[in-house]
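A short worksheet on the structure shown next.
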Amino acid sequence: MSSSILVFGGAGQLGQCLQYVATQRGISNIVFLPEEQANILNTETLRAVFAQHRPAYIINCAAYTAVDKAEDEVDIARRVNRDGVENLARLCGEFHTTLLHVSTDFVFAGTGNQPLTETDPAEPISVYGLTKLEGEQVILPHTSQYFILRTSWLYSEYANNFVKTMLRFGKEREEMRVIWDQLGTPTYAIDLAGALLHIIQTGSTEYGIYHYSNEGVTSWYDFAVAVFELGGLPTRTVPIRTAEYPTKANRPAFSVMDKTKAKTTLGLTIPHWRESLKVCMARLGEQC
């Protein structure tokens, strides 16, 4: 059997979004592999999968993303986010496969106030961010055919995410206290999926690291307010500082990413976060 595109972590949020977009675009030569079928830590299974499919591209959506739990589960976070990526990169080099890998804004400290470019120093302040950065770094020794897309604040109709959590709480509670002093950009995972498939469909060979989120800047507080407004929920939203909601892991205070490189080099058109949120909310409404 021959397949052009393999998706690892195919059952997660981004994997489900890729399935939706691939169907919309009529892309049929794509196989979605859930963790139980192709665990990126099992090198023997991975090699068999590569040998069977001989993919032209793989998209890696598999990751350890429990940011706070990672502070206690350092080893497993590192195994998935670093070692698993290295396993894939090594096989991509052997099989001449192009790797598309998803990374995060958490590779940055977030102490500045200017949009972050791909060449800004990566200085993670959490175990999750550190292991994701290590995952980026282990790719290059094994293959030069890679695209790393750093993204932020992912949400969609699928899996658990901020938007769905706010909608649930908004129906249960009269008031929500939400952090206002962390600034970034929400990313509709359907848009990210579209960007990944755009790279493949255009046959780009402009390999390297790219930043991809929706356009604009917001806080978690303003993001929540927008969700409640669009959801028609009367929930009262109270802004609080990060210090008032302590978490195990530190998070970047400012992680707005500059998307100039992705737009100019890859030819991507990126919607504003509010426009994409409207699309997601409409689709969630249809599912209710």
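91 is the number that UniProt numbering gives to position 91 of the sequence shown; each next residue is one higher, with no gaps. No residue lacks a Cβ here, since even glycine has one placed at the ideal position from N, Cα and C.
Measure the C-alpha to C-alpha separation of Glu174 and Gly285 and round it to an integer number of angstroms.
-> Glu174 and Gly285 have their C-alpha atoms some 21 Å from each other.
If Trp273 sits next to Gly216, beta carbons under 8 Å apart, how far is it from one beta carbon to the other, in whole angstroms?
-> Rounded, the Cβ-Cβ distance is 5 Å, consistent with contact.
Based on Cα-Cα distance, which residue from Ala224, Thr260, Gln24 and Thr185 lies nearest to Asp105?
-> Closest in alpha carbon position to Asp105, among Ala224, Thr260, Gln24 and Thr185, is Thr185.
Distance, Cα to Cα, Glu136 vs Ile148?
-> Spanning the two alpha carbons is a distance of roughly 7 Å.
Spatial neighbours of Thr265 within its chain, please: CB distance less than 6 Å, with the 5 preceding and 5 following residues excluded, ordered by chain position.
-> Apart from the 5 residues on each side of it in sequence, Thr265 sits with its Cβ closer than 6 Å to the Cβ of Glu206 in its chain, given in chain order.
Examine the ligand MG and report whether any of its heavy atoms sits within less than 7 Å of the Cβ of Ala249.
-> The model on display carries no ligand, and the ligand MG is accordingly not part of it.
Can you name the residues that DSSP bridges to Glu157?
-> DSSP, once it has assigned bridges, lists no residue as partnering Glu157.
What does Phe8 pair with, by DSSP beta-bridge criteria?
-> Answer by DSSP bridge pairing, in chain order: Leu33 and Asn60.
Going along the chain, which residues of its own chain have a beta-carbon closer than 6 Å to the beta-carbon of Glu71, five neighbours each way excluded?
-> Excluding positions up to five away in sequence, the list reads Val127, Lys248 and Ala249.
Supposed contact pair Leu41 and Asn87 - C-beta distance, whole angstroms, cut 8 Å = At roughly 7 Å, the Cβ-Cβ gap stays under 8 Å, so Asn87 and Leu41 are in contact.
DSSP three-state call for Val138: helix, strand or coil?
-> Val138: coil per DSSP, three-state reduction.
Do you know offhand how far Gln145's Cα is from Lys278's?
-> If you take the alpha carbons of Gln145 and Lys278, they lie about 35 Å apart.
Taking only runs of the beta strand (DSSP E) that begin and end inside the segment 90-142, which ones reach a length of at least 3 residues, in chain order?
-> 98-104, all fully within the segment 90-142.
For Leu14, count neighbouring C-beta atoms within 10 Å of its own C-beta (all shown protein chains included) and say buried if the count is 16 or more, exposed if not.
-> With 16 or more Cβ atoms within 10 Å of its Cβ, Leu14 is classed as buried.
If you compare alpha carbons, which of Gln24, Ile58 and Gly12 is closest to Glu36?
-> With distances taken between Cα atoms, Glu36 lies closest to Gly12.
Please state if the CB of Trp153 and the CB of Thr187 are separated by a distance shorter than 8 Å.
-> Yes, Cβ-Cβ distance for Thr187 and Trp153 is below 8 Å.
Please classify Ala224: is it buried, with 16 or more other beta-carbons within 10 angstroms of its beta-carbon, or exposed?
-> Of the other Cβ atoms in all chains shown, 16 or more fall within 10 Å of the Cβ of Ala224; this residue is therefore buried.
Which residue comes first and which comes last in the alpha helix (DSSP H) that contains Tyr221?
-> Note, Tyr221: alpha helix (DSSP H), Trp220 to Leu230.
Between Ser219 and Val238, what straight-line distance do the alpha-carbon atoms span, to the nearest angstrom?
-> Between Ser219 and Val238, the alpha-carbon positions lie close to 12 Å from each other.
Helix, strand or coil: how does DSSP classify Glu172 here?
-> Note: Glu172 maps to helix in three-state DSSP.
Buried or exposed (CB count within 10 angstroms, at least 16 for buried), Gln52 = Exposed: under 16 other Cβ atoms inside 10 Å.
Tell me, which residues are paired with Leu233 by DSSP?
-> Partner(s): none; Leu233 has no beta bridge.
Leaving out five residues on either side along the sequence, give the residues of the same chain with a beta carbon under 6 Å from the beta carbon of Ile59.
-> Excluding positions up to five away in sequence, the list reads Val7, Leu100 and Leu196.
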